[in-house]
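Enquirer: Just so you know, we're using full-length UniProt numbering here: the sequence shown kicks off at 1 and counts up by one.
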Amino acid sequence: MQRRNFITTAAAGAATAGMAAPAAAQAKFRWNMVMPWPRSTPGVGVNAERFAQRVTAMSGGRIEIKLYGAGELVPPFGVFDAVHTGTAQIAHGTPYYWASKSPALHWFTGVPFGLTATELPAWLYYGDGNKLWQEAYAPFNVTAFYAGSSGVQAGGWFRKEINSVEDLQGLKIRIAGLGADVMRRLGATTVTTPPGEILQNLLSGAIDAAEWIGPWNDRAFGLQTVAKYYYVPAFHEPGPGLEILVNKDEWNKLPADLQEIIKTAASATANETLADFLYHNIESFGPLLSDGIELRAFPEDVVRAMAKESFEVFEEMAAQDPLTRKVHDSFMAFLKKAVVYNERFDTRLQAMRKLALTQG
Numbered sequence: 001m002q003r004r005n006f007i008t009t010a011a012a013g014a015a016t017a018g019m020a021a022p023a024a025a026q027a028k029f030r031w032n033m034v035m036p037w038p039r040s041t042p043g044v045g046v047n048a049e050r051f052a053q054r055v056t057a058m059s060g061g062r063i064e065i066k067l068y069g070a071g072e073l074v075p076p077f078g079v080f081d082a083v084h085t086g087t088a089q090i091a092h093g094t095p096y097y098w099a100s101k102s103p104a105l106h107w108f109t110g111v112p113f114g115l116t117a118t119e120l121p122a123w124l125y126y127g128d129g130n131k132l133w134q135e136a137y138a139p140f141n142v143t144a145f146y147a148g149s150s151g152v153q154a155g156g157w158f159r160k161e162i163n164s165v166e167d168l169q170g171l172k173i174r175i176a177g178l179g180a181d182v183m184r185r186l187g188a189t190t191v192t193t194p195p196g197e198i199l200q201n202l203l204s205g206a207i208d209a210a211e212w213i214g215p216w217n218d219r220a221f222g223l224q225t226v227a228k229y230y231y232v233p234a235f236h237e238p239g240p241g242l243e244i245l246v247n248k249d250e251w252n253k254l255p256a257d258l259q260e261i262i263k264t265a266a267s268a269t270a271n272e273t274l275a276d277f278l279y280h281n282i283e284s285f286g287p288l289l290s291d292g293i294e295l296r297a298f299p300e301d302v303v304r305a306m307a308k309e310s311f312e313v314f315e316e317m318a319a320q321d322p323l324t325r326k327v328h329d330s331f332m333a334f335l336k337k338a339v340v341y342n343e344r345f346d347t348r349l350q351a352m353r354k355l356a357l358t359q360g
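(1) Excluding sequence positions up to five away, which residues of its chain have a Cβ less than 6 Å from the Cβ of residue 215?
(2) Alpha carbon to alpha carbon, what distance is there between residue 320 and residue 240?
(3) Can the beta-carbon of residue 163 be found closer than 8 Å to that of residue 88?
(4) Are the Cβ atoms of residue 91 and residue 165 separated by less than 8 Å?
(5) Measure the beta-carbon distance from residue 277 to residue 150 and round it to whole angstroms, keeping in mind my assumption that it falls under 8 Å.
(6) Can you grab the Cα-Cα spacing for the pair residue 361 / residue 176, in whole Å?
(7) Can you list, in chain order, the residues of its chain whose CB lies under 6 Å from that of residue 213, leaving out five sequence neighbours each side?
(8) Taking the straight line between their C-alpha atoms, what separation do you get for residue 362 and residue 130?
(9) As a quick exercise: from 140, 337, 312, pick the residue whose alpha carbon is nearest that of residue 98.
(10) Suppose the cutoff is 7 Å on Cβ atoms and the five residues either side in sequence are ignored; what does the same chain contact list for residue 332 look like?
(11) Determine, using beta-carbon pairs with one atom in the stretch 194-202 and one in the stretch 68-81, whether at least three such pairs fall under 8 Å.
(12) Provide the residue(s) that pair with residue 157 in DSSP beta bridges, ordered along the chain.
(13) Along the chain, which unbroken stretches of the alpha helix (DSSP H) at least 4 residues long are found entirely within the stretch 240-300?
(14) CB residue 156 to CB residue 211, shorter than 8 Å?
(15) Can you tell me whether residue 142 is helix, strand or coil according to DSSP?
(16) With a threshold of 16 other CB atoms inside 10 Å of the CB of residue 237, please say whether the residue is buried or exposed.
(17) Leaving out the 5 sequence neighbours to the left and right, which residues in its chain are closer than 8 Å to residue 21 when beta-carbon positions are compared?
(18) Report buried or exposed for residue 341, applying the criterion of at least 16 other Cβ atoms within 10 angstroms of its Cβ.
(19) Sorted by chain position, which residues of the same chain lie with C-beta nearer than 8 Å to residue 323's C-beta, five sequence neighbours on each side aside?
(20) Among residues of its own chain, excluding the 5 on either side of residue 344, which ones have a beta-carbon nearer than 8 Å to its beta-carbon?
(21) With distances taken Cα to Cα, identify the nearest neighbour of residue 36 among 27, 26, 48.
(22) Taking the alpha carbon of residue 199 as the reference point, which residue from 187, 222, 57, 217 has its own alpha carbon closest?
(23) With DSSP collapsed to three states, give me the class of residue 66.
(24) Rounded to the nearest angstrom, what separates residue 220 and residue 42 at their Cα positions?
(25) Of all the options 207, 56, 118, which has the alpha carbon lying nearest to the alpha carbon of residue 339?
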């Protein structure tokens, strides 16, 4: 009798366990997603929304993501803390916005004179980048996935020409990341205002110059209406990375197939985001020139000064802690190889293509 009871109980337990696994796999999840930019911002806000929609569609509605733009649920620069604490389960952003948590995070957005929009994900996916990235976020109970890039950015909008390093003295400029550190060392005063406040700060005279992204976004924000000189390209953001941030506790609640869906959706978003920016920057550049702006490049002596200060900033930051040193060294080792390769392939191809298209 006892043996029959044991067999019956064991069979019932196995059946219950068998039903529990599919039930857990079919559980529905409702997540809040926050970001530091307005919902309809070209490139960043729009592709965050596409990511959320893709996850819902790919999961058959098992995971639904409600997207909040800057300030709708948390302040623009409160996004990281919201995910860290669980106020929001997921976010779209860029690592250097929360580099006060760890200086190593600068390298995952990108640094002055650093990796391009195609080189950065190469380092992340196939080099040491992703392992180091997760290590940087581990103390904050957050995991991250690469979500694309805006490509080569613009150097910014200026009310006056920059003809020498002396012209940077006392300049009030909106600039983010390590580019801000470099500009301060060259005599400028820097601020990092949320994207939605850039135009108003230029209009009010609170700042003399501002960098945002590139022709598409800059024109959409109306920056060409308040500053005449447009400096391209940027020295500080050759291919800045975007990310999807997920609270680790919430991530661990997901079954394996939903985790894979989020990874796949982030990868698809990364590809679409870069293509989106490149296409619309190309299409917006001509109209922007027709708006009567003055296109400029930073003079060579200014670039040399920017480079000198940049590499000094890198070394000072890398000396702060072992993780930042590891990230810096890995990044720079790959960058040096990438420069050698690209000089012989990408750079020469661009020159050959220009020759082919301009010959009579």
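The beta-carbon is built from N, C-alpha and C at its ideal position, and this holds for glycine as well.
Expert: So, to answer that:
(1) Answer for residue 215: 281, 284, 285, 288, listed in chain order.
(2) Cα-Cα distance, rounded: 23 Å.
(3) A distance of 8 Å or more separates the beta carbons of residue 163 and residue 88.
(4) It is not a contact, given that the beta carbons lie outside the stated cut-off.
(5) Between residue 277 and residue 150, the beta carbon gap of about 5 Å places them in contact (Cβ cut-off 8 Å).
(6) Absent from the model: residue 361. The displayed extent of the chain is 1 to 360, so no value can be given.
(7) Closer than 6 Å at the Cβ level, and outside the excluded window around residue 213, lie 150, 153.
(8) For residue 362 there is no data in the structure shown, the boundaries of the chain being 1 and 360.
(9) That would be 140, whose Cα lies nearest to the Cα of residue 98.
(10) The answer is none, since no qualifying residue turns up.
(11) Under the 8 Å Cβ criterion, the stretch 194-202 counts as touching the stretch 68-81, having at least three qualifying pairs.
(12) Secondary-structure assignment with DSSP links residue 157 through a beta bridge to 210, 230.
(13) Fully enclosed alpha helix (DSSP H) runs of no fewer than 4 residues occupy 248-253, 256-290 of the stretch 240-300, in order along the chain.
(14) Less than 8 Å divides the Cβ of residue 156 from the Cβ of residue 211.
(15) Shown here, residue 142 sits in a strand according to DSSP, grouped into three states.
(16) Around the beta-carbon of residue 237, 16 or more other beta-carbon atoms lie within 10 Å, marking it buried.
(17) Confidence is the limiting factor: at residue 21 the pLDDT is only 49, short of 50, which leaves the residue's position unreliable, though a coordinate-based value still follows. If we look at residue 21 and ignore the five residues flanking it on each side, it has no Cβ neighbours.
(18) Its Cβ having fewer than 16 others within 10 Å, residue 341 is exposed.
(19) Cβ within range, chain order: 102, 104, 132, 135, 136.
(20) In its own chain, leaving out the 5 sequence neighbours on each side, no residue places its CB closer than 8 Å to the CB of residue 344.
(21) The candidate whose alpha carbon is nearest that of residue 36 is 48.
(22) Among 187, 222, 57, 217, the Cα nearest to that of residue 199 belongs to 222.
(23) Strand at residue 66.
(24) Using only the alpha carbons, I get a separation of about 8 Å.
(25) For residue 339, the closest C-alpha among the options 207, 56, 118 is that of 118.
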